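Q:
Residue numbers (our numbering): 18 to 170.
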């Protein structure tokens with residue numbers, strides 16, 4: 018299932034046990050895939066991402082239920098010409114009964130080739146009890162930013 022999001026982002030959703038009414042995965046991983054391609058075209062990536070090489074910043078807020086542990090993973094890939102890519106990933110795990118405070122997960126990519134074509138943002142989460150229903154990590158406020166503070170315009 019593919020859905021168009023705001024700003025031209027393409028969203029691919031795993032259709033296995035997917036509840037299209039409320040957007041929750043009913044069993045297993047819920048793993049939207051955000052492809053930021055059209056947005057880059059608007060920024061003129063031939064100049065911005067291939068000449069000036071700004072840092073790429075990605076973040077998201079996550080929290081587990083207090084009565085069920087959960088694990089989370091986030092990956093950012095910068096796809097380049099010739100099937101080359103730069104990839105950074107982080108994982109996070111919260112154990113059962115340890116609370117449900119929100120925490121911010123962040124990735125910054127500072128060094129990448131000068132022939133960028135696409136930035137791919139992937140994230141997934143699952144509860145550690147494998148309960149039926151949506152008991153995995155809550156995810157909110159995901160952002161992908163091209164940081165211009167290190168760029169001389």
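From the three backbone atoms N, C-alpha and C, an ideal C-beta is built for every residue, glycine too. For clarity, every value in this text was computed on a predicted model and none was experimentally measured.
Between 113, 156 and 93, which has its C-alpha nearest residue 75's C-alpha?
A: The sequence position of residue 75 within the chain shown is 58, counting from 1. Nearest option by C-alpha distance: 93.
Q: Based on the DSSP output, what are the partners of residue 89 in its beta bridges?
A: Counting from one through the chain shown, the residue named residue 89 turns up at place 72. The partner list for residue 89 (beta bridge, DSSP) reads 109 and 142.
Q: CB residue 135 to CB residue 96, shorter than 8 Å?
A: In the chain shown, counting from the first residue as 1, residue 135 sits at position 118. In the chain shown, counting from the first residue as 1, residue 96 sits at position 79. The answer is yes: Cβ separation under 8 Å.
Q: Please classify residue 143: is it buried, with 16 or more other beta-carbons within 10 angstroms of its beta-carbon, or exposed?
A: The count along the chain shown starts at 1 and reaches residue 143 at position 126. Buried.
Q: Compare the Cα-Cα distances from residue 120 to each of 138, 128, 129 and 81 and report the closest residue.
A: Position 103 of the chain shown, counting from 1, holds the residue named residue 120. For residue 120, the nearest C-alpha among the options comes from 81.
Q: Determine the direct distance from the alpha carbon of residue 137 to that of residue 101, and round the result to whole angstroms.
A: Position 84 of the chain shown holds residue 101. Position 120 of the chain shown holds residue 137. Near 13 Å, if we compare the C-alpha coordinates of residue 137 and residue 101.
Q: Since I believe residue 67 is in contact with residue 128 (beta carbons under 8 Å), could you give me their beta-carbon distance rounded to a whole number of angstroms?
A: Stepping through the chain shown from its first residue, residue 128 is reached at position 111. Stepping through the chain shown from its first residue, residue 67 is reached at position 50. At roughly 14 Å, the Cβ-Cβ gap does not stay under 8 Å, so residue 128 and residue 67 are not in contact.
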